[in-house]
Amino acid sequence: MSAVAPDGRKLLRLEVRNSETPIERKPEWIKTRAKMGPEYNSLHALVKKEGLHTVCQEAGCPNIFECWEDREATFLIGGDQCTRRCDFCQIDTGKPADFDRDEPRRVAESIVTMDLNYATITGVARDDLPDGGAWLYAETVRQVHALTAGRETGRTGVELLIPDFNAVPEQLAEVFSSRPEVLAHNVETVPRIFKRIRPAFRYERSLDVITQARAAGLVTKSNLILGMGETREEVSQALADLVGAGCELITITQYLRPSVRHHPVERWVKPHEFVELQQEAEELGFAGVMSGPLVRSSYRAGRLYRQALEHRERAGV
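In the UniProt record's numbering, the protein residues as written are 1 to 317.
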């Protein structure tokens, strides 16, 4: 393999080591069939006509048919270059794009045009900015809520999937002040391998972000990716840690390697284990759980949010 990445930079030593393992062949259950309903077809035609961009299409998400049928979609803000590098993530690491203060308005207008019921907004880490990009995340939520306030079926719900902002209270407070319907921060993996998989993040710091969000009254959510070297017992402990930190919603998924530069797949988790983990997570007290090999953190996000509201109502919160 070439010692140069597709973006022209020299490969990191970790990437060279990863590339020594060929891309793994997927098992039969890692397959999806396209089921194109009327809402999907309508949204697909609109997106093409208007030249809109969604993570759903650009990342080739296998769940696009189901999510678009629910009129839900995901958007990436802050550019396509991240200041951090996680060994599972397909977003490139490099010098971020110039700060674009008009991006929140454009994303909100895309959401209005698509007439979405629910939108997930995520983005790259922007450690190059004084506020870590907190204003950008918050302003995007504010713009979406403002522009969809007069919608006949109610304003578009926003799930904000954020980096950790180094758990700086002032930066998190800015983000929380925008009052997204759901505040998501993904721990992704277990403590033992966390530093290897997410070297610029810290497990306890990620839990602290979730705790701060819950304390601010927000619905909280996280994600675990399986197949990167964790053990079954470690997954159970991570679920317990998340509940203890105040996490209400959880998605659990199979790691799919983006390229040979990324961490090799350590194991293919069988479907029955995802079923068992869903039951375990529900018994631990999560208000909503999505667990499966092709589940992604934004999969059926609006449905999970409604489950959280119902759970809070039953609990009298």
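Quick reminder that beta carbons are idealized off the backbone N, C-alpha and C, glycines included.
query, result
"Compute the beta-carbon to beta-carbon distance between Met114 and Val55, rounded to the nearest angstrom, for a pair I have assumed lies under 8 angstroms.", "The Cβ separation is near 13 angstroms, so there is no contact."
"Which class does Cys82 belong to by DSSP, given the choice of helix, strand or coil?", "strand"
"Looking at the structure shown, is Trp249 part of a helix, part of a strand, or coil, going by DSSP?", "The amino acid at residue 249 is misidentified as Trp; the sequence shows Leu. Note: Leu249 maps to strand in three-state DSSP."
"How would you write the range of the beta strand (DSSP E) that Tyr118 sits in, first residue to last?", "118-123"
"Grab me the residues of Glu139's own chain with a C-beta within less than 6 angstroms of its C-beta, minus the 5 sequence neighbours each way, in chain order.", "Pro104"
"Could you work out which residue in Ala215, Ala216, Leu224, Leu218 is closest to Tyr203 when comparing CA atoms only?", "Leu224"
"Which class does Ala315 belong to by DSSP, given the choice of helix, strand or coil?", "helix"
"According to the neighbour-count rule (16 or more other Cβ atoms, all chains shown, within 10 Å of its Cβ), is Glu152 buried or exposed?", "exposed"
"Buried or exposed for Phe275, please, with buried defined as at least 16 other CB atoms from any protein chain shown within 10 angstroms of its CB.", "Correcting the residue identity first, residue 275 is Val in this sequence and not Phe. Val275 is exposed by the Cβ-count criterion."
"By alpha-carbon positions, which one of Pro163, Ser222, Arg17 ends up nearest to Thr253?", "Ser222"
"Are there three or more Cβ pairs, one per stretch, closer than 8 angstroms when the segment 143-151 is compared with the segment 185-196?", "no"
"Hey, how far is the Cα of Arg195 from the Cα of Arg126?", "Rather than Arg, the amino acid found at residue 195 in this sequence is Lys. Near 20 angstroms, if we compare the C-alpha coordinates of Arg126 and Lys195."
"To test your reading of the DSSP string, which unbroken alpha helix (DSSP H) runs of 4 or more residues are found completely within the segment 38-110?", "38-50, 55-58, 64-69"
"Residues in the same chain with beta-carbon distance under 6 angstroms from Gln212, minus the five sequence neighbours each way, listed in chain order, please.", "Leu172"
"By a C-beta neighbour count over all protein chains shown, 10 Å radius and 16 as the cutoff for buried, is Gly78 buried or exposed?", "buried"
"Taking Asn223 as part of the beta strand (DSSP E), name the residues at either end of that continuous run.", "219-226"
"Just to check my reading of the structure: Trp68 and His44 have Cβ atoms closer than 8 angstroms, yes? What is that Cβ distance to the nearest angstrom?", "7 angstroms"
"Quick one: Cα of Lys26 to Cα of Leu294, how far?", "12 angstroms"
"Okay, do the segment 232-252 and the segment 14-21 touch, 3+ Cβ pairs below 8 angstroms being the bar?", "no"
"Assuming the contact rule is C-beta atoms closer than 8 angstroms, Glu174 and Asp131 should be a hit. Round their C-beta distance to whole Å, please.", "7 angstroms"
"Roughly how many whole angstroms lie between the Cα atoms of Pro264 and Thr21?", "7 angstroms"
"Could you round the C-beta distance between Met228 and Ile197 to whole angstroms and report it? I think they count as a contact, below 8 angstroms.", "6 angstroms"
"Please report the distance separating the alpha-carbon of Ala287 from that of His311.", "6 angstroms"
"In angstroms with no decimal places, state the Cα-to-Cα distance between Val182 and Pro163.", "14 angstroms"
"On the three-state DSSP scale, how would you describe Val209?", "helix"
"Near Ala97, which residues of its chain fall below 6 angstroms by C-beta distance, leaving aside the five closest residues on each side in sequence?", "Gly79"
"Please report the Cβ distance between Ser291 and Gln278, rounded to the nearest whole angstrom; I am assuming they are in contact, meaning their Cβ atoms lie under 8 angstroms.", "4 angstroms"
"Excluding sequence positions up to five away, which residues of its chain have a Cβ less than 6 angstroms from the Cβ of Glu24?", "Val265"
"Quick one: give me the first and last residue of the beta strand (DSSP E) that Glu159 is part of.", "157-161"
"Under a Cβ-count criterion, where at least 16 other Cβ atoms within 10 Å of its own Cβ denotes burial, should Asp128 be classed as buried or exposed?", "exposed"
"Just how far apart, CA to CA, sit Ala108 and Gln57?", "18 angstroms"
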